[in-house]
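Everything on this sheet refers to the single structure shown next.
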Amino acid sequence: MAAVVAIACLVSVSACRKGTGMPEGPDTASQSLQPDGKAMAAVTAGAAVHTSIKLFDGGTGGFHAYRIPSIVRTTNGTLIAICEGRADNDNDYGNINVVCKTSSNNGATWSALKTIAGATLGTWGNPTAVVDWDTGRVWLFMSWNDANHSENGSGDTEPIDTWGQRRVYVTWSDNNGATWAQPVDKTSTLLPPTMTWDAMGPGVGIQTTGGPSPGRLIIPARRRNIYSDDHGQTWHYQIIPAGTDEGTIVERANGTLMRNDRPGGTPWQAAKRRHISTGTIEGGFSAFAPAAALPDPRCQGSIIRYAGSRSRIIFLNSASTSTRYNMTARVSYNEGQTWYASRRLHNTITQEEAAAQGKGGYSSMTKTADFAIGALVEQKETPSSSNSHWSIEFQKFNLPWLLNGQPEP
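Its first residue numbered 915, the sequence shown is counted upward by one per residue in our numbering.
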């Protein structure tokens, strides 16, 4: 039986901005487009396209490193690229903000850097965003702890070993990422009482279109799913089986859900694969099991539904058991049971060259308004350094590029 806890939102849904006239909404994931239509059909049958820019440049903008990306497309087509801005070094602790940039032209140009949370000292992180296609609101969940603590007490910090030292915050934007509400602390009802260390996502959530509760917002989090059935007026959590640390979620065509997660240390050692669990909010989830076709170096990954006239799910991670620098995109036509085609994201250089340039790591994807896939991908500028600058690339590719000449099945 799913464990459920509720919390009230401070702002009524009646104050949320409604849709902006875009003809498409979620397609079992909040960052997908529907309907398919002639425009999408032309793109999926057209020429291969793949471009890349350095969107967040480590060592600029007042931040030593940019890490842990999240990207969504809003109801008017705006892309919001979100990440951690680490002020002083590349550590997972200390002075870390959550920042963003926006694009109104499918990633061709981007706004200046904006701070969402963290103007004062503290560790803000694990951004995990979701778009409510009924209201237009963008929700952003984050984790927080004070700058003197870290997961294991690294450096001169103390370990997080007490409930509440690591906290759950949420903010939102009603104007496509131009401004954000003051973050609200949700720890008292969204952090299970037995947990000390915690992490949202990181990455993105979904909005369901099928199943028992269409329109449900879901945020993947450590050992649970956070969800709302009333457009964020109240939020609840569902406990899921243990064994993983960082999670992604996608809705399948039959309305069930699939978690595709980074496994914990011991489970990962057994198979060195992504771990999968399926189920529903109402009925619970299966135990996590390794996915034989998805090698993983124990790193975060990203997954979205890229649907339309047929079922397509896109998955991105470093397809390796030993390195984070083999970023590989895959497409499934049978709800993630098998993967029909795959392609290395940095295909113009060798895997060895990608490793030397530190190209790979955490990622996040969304479907753009021009029917491409927009992906944020980390780059560790100096892989051999213990205090490297980190940047984040915006990679944009379409389905023909991913299929690389193969016909759709």
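Where a beta carbon is used, it is the ideal one built from N, C-alpha and C, also for glycine.
- [ ] Grab the span of the beta strand (DSSP E) containing T1037 for me, first residue to last.
- [x] First-last of the beta strand (DSSP E) with T1037: 1037 to 1045.
TODO: Within the same chain, show all residues whose beta-carbon is closer than 7 Å to that of F896, passing over the 5 residues directly before and after it, in chain order.
DONE: Given that the chain is displayed from residue 915 to residue 1323, the structure contains no residue 896 and the question cannot be resolved.
- [ ] Counting only runs of 3+ residues fully inside the segment 1236 to 1316, write out the beta strand (DSSP E) ranges in chain order.
- [x] Correct list: 1241 to 1246, 1255 to 1258, 1273 to 1281, 1287 to 1294, 1304 to 1311.
Task: Limits of the alpha helix (DSSP H) - the one that P1177 falls within - done: Segment 1171 to 1177 is the beta strand (DSSP E) holding P1177; no alpha helix (DSSP H) there.
Open item on the list: When you compare the segment 1092 to 1105 with the segment 970 to 986, are there three or more beta-carbon pairs, one atom per stretch, that lie closer than 8 Å?
Closed with: Between the segment 1092 to 1105 and the segment 970 to 986 there are fewer than three inter-stretch CB-CB distances shorter than 8 Å, so the stretches are not counted as touching.
Task: Status (buried if at least 16 other CB within 10 Å, exposed otherwise) for G1146 - done: Buried.
TODO: Compute the Euclidean distance between the alpha carbons of R981 and S1305, then round it to the nearest angstrom.
DONE: Distance between the alpha carbons of R981 and S1305 is about 7 Å.
Open item on the list: Tell me the DSSP secondary structure of K952 in three-state form.
Closed with: Looking at K952 - three-state DSSP - the assignment turns out to be helix.
- [ ] Quick one: residues in its chain with C-beta nearer than 6 Å to the C-beta of T1016, no 5 flanking neighbours on either side, listed in chain order?
- [x] Setting aside the 5 residues that flank it on each side, T1016 is surrounded in the same chain by T992, I994, S1025, G1091, each with a C-beta closer than 6 Å to its C-beta; the list follows chain order.
Open item on the list: Suppose you measure from the CA of L1131 to the CA of E1295; what does that come to, to the nearest Å?
Closed with: So the alpha carbons of these two residues sit roughly 35 Å apart.
Task: Residue of P1314, A1283, G1169, G1215 minimising C-alpha distance to G1115 - done: When each option's Cα is compared against that of G1115, the closest is G1215.
Open item on the list: Could you give the first and the last residue of the continuous alpha helix (DSSP H) run that contains S1102?
Closed with: It spans 1101 to 1104 - the alpha helix (DSSP H) in which S1102 sits, taken as one unbroken run.
TODO: Less than 8 Å between the CB atoms is what I'm expecting for T1023 and G1117, so what's the real figure, rounded?
DONE: The Cβ separation is near 24 Å, so there is no contact.
TODO: In angstroms with no decimal places, state the Cα-to-Cα distance between A943 and G1067.
DONE: Summary for A943: the model assigns pLDDT 40, below 50, so the residue's position carries little reliability; its value from the coordinates is reported in the next sentence. The straight-line gap from Cα to Cα measures roughly 37 Å.
TODO: Within its chain, find whatever has a CB closer than 8 Å to the CB of T1242; leave out the 5 residues flanking it on each side and keep chain order.
DONE: Hits under 8 Å: L1230, N1231, S1232, A1233, S1256, R1257, R1258, L1259.
TODO: For Q1251, count neighbouring C-beta atoms within 10 Å of its own C-beta (all shown protein chains included) and say buried if the count is 16 or more, exposed if not.
DONE: The Cβ neighbour count for Q1251, taken over all protein chains shown within 10 Å, is under 16; the residue is labelled exposed.
Open item on the list: If distances are taken between C-alpha atoms only, which option among T965, R1081, N1020 comes closest to D1284?
Closed with: Selected option, being the one with the closest Cα: N1020.
- [ ] Please determine if the segment 981 to 990 and the segment 951 to 965 are in contact, where contact requires at least 3 C-beta pairs separated by less than 8 Å.
- [x] The answer is no - the segment 951 to 965 does not touch the segment 981 to 990, with fewer than three Cβ pairs under 8 Å.
Task: Residue of S1142, N1062, S1127 minimising C-alpha distance to G1169 - done: That would be S1127, whose Cα lies nearest to the Cα of G1169.
Task: Residues bridged to H1150 [DSSP beta-bridge criterion] - done: Residue pairing of H1150 in beta bridges, as defined by DSSP: Y1141.
TODO: Compute the distance between the beta-carbons of Y1007 and T1037, then report whether it is under 7 Å.
DONE: Cβ distance < 7 Å, so Y1007 and T1037 count as in contact.
TODO: Out of R1238, V1245, A1113, point me to the one whose CA is closest to I1217's CA.
DONE: For I1217, the closest C-alpha among the options R1238, V1245, A1113 is that of V1245.
Task: Entirely enclosed beta strand (DSSP E) segments - the segment 1188 to 1212, minimum 3 residues - done: Counting only runs of 3 or more, we get 1203 to 1209.
Task: Exposed unless 16 or more other CB atoms sit within 10 angstroms - verdict on I1074 - done: Buried.
TODO: Identify whether W1182 lies in helix, strand or coil by the three-state DSSP scheme.
DONE: If DSSP states are grouped into helix, strand and coil, W1182 belongs with the helices.
TODO: Ignore the nearest five residues each way along the sequence and tell me which others in G1124's own chain have a CB closer than 8 Å to its CB.
DONE: Within the same chain, and ignoring the five residues on either side of G1124 in sequence, the residues whose Cβ sits closer than 8 Å to its Cβ are T942, E1165, A1167, N1168, G1169.
Open item on the list: Judging by CA-CA distance, which residue of D1159, T989, G975 is the nearest neighbour of A1001?
Closed with: Closest option to A1001, Cα to Cα, is G975.
Open item on the list: Going by DSSP, what residue range makes up the beta strand (DSSP E) through T1085?
Closed with: It spans 1081 to 1087 - the beta strand (DSSP E) in which T1085 sits, taken as one unbroken run.
Task: First through last residue of the beta strand (DSSP E) which encompasses E1160 - done: Going by DSSP, E1160 is part of the beta strand (DSSP E) stretching over 1158 to 1160.
- [ ] Could you give the DSSP three-state label for V957: helix, strand or coil?
- [x] Correct three-state label for V957: helix.
Task: Counted within 10 angstroms of its Cβ, other Cβ atoms place S1057 as buried (16 or more) or exposed - done: Its Cβ being crowded by 16 or more others within 10 Å, S1057 is buried.
Open item on the list: In the DSSP output, what is E1072 paired with across the bridge?
Closed with: Bridge partners of E1072: H1063.
Task: Inter-residue CB distance, V986 and V1044 (contact presumed, cutoff 8 Å) - done: Between V1044 and V986 the Cβ distance is about 7 Å, and since that is below 8 Å, they are a contact.
Open item on the list: On the DSSP letters alone, give me the boundaries of the beta strand (DSSP E) that S1216 sits inside.
Closed with: For S1216, the uninterrupted beta strand (DSSP E) run begins and ends at 1216 to 1219, by DSSP.
TODO: Tell me whether the beta-carbon of G1161 lies closer than 7 Å to the beta-carbon of F1202.
DONE: Not a contact, by the Cβ cut-off of 7 Å.
Open item on the list: Among I996, A961, N1003, whose alpha-carbon lies nearest the alpha-carbon of S1299?
Closed with: Between S1299 and the set I996, A961, N1003, the nearest pair of CA atoms involves N1003.
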